[in-house]
């Protein structure tokens, strides 16, 4: 698998993930390495909802990698 820089990942997220909240969540997870617990607290969501959003956004993003 090809290696991507954080700036390339960020650009791909911006291009393919249309929800601002979902873009921010995915960047914080993939680039900043936050845990789901930390993300859920930061975005005022349940851990399960956070995981669902991130997994769906990752699936969409990974289609383009």
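Residue numbers (the working numbering): 35 to 99. We put the beta carbon where it would ideally sit given N, CA and C, even for glycine. Values in this document were obtained by computation on a predicted structure and should not be read as measured data.
If you check the beta carbons only, do residue 66 and residue 81 fall under 8 Å apart?
-> Cβ atoms of residue 66 and residue 81: not closer than 8 Å.
Check whether residue 47 and residue 95 have beta carbons under 8 Å apart = Yes, Cβ-Cβ distance for residue 47 and residue 95 is below 8 Å.
If you drop the 5 nearest sequence neighbours on each side, which residues of the same chain put their C-beta closer than 7 Å to that of residue 51?
-> Here the set comprises 57, 60, 91, 94 and 95.
Where the alpha helix (DSSP H) through residue 86 begins and ends = That run of the alpha helix (DSSP H) goes 81-96.
Anyone know if the C-beta pair for residue 111 and residue 83 falls short of 8 Å?
-> In the structure as shown, the chain starts at 35 and stops at 99, and residue 111 therefore has no counterpart that could be examined.
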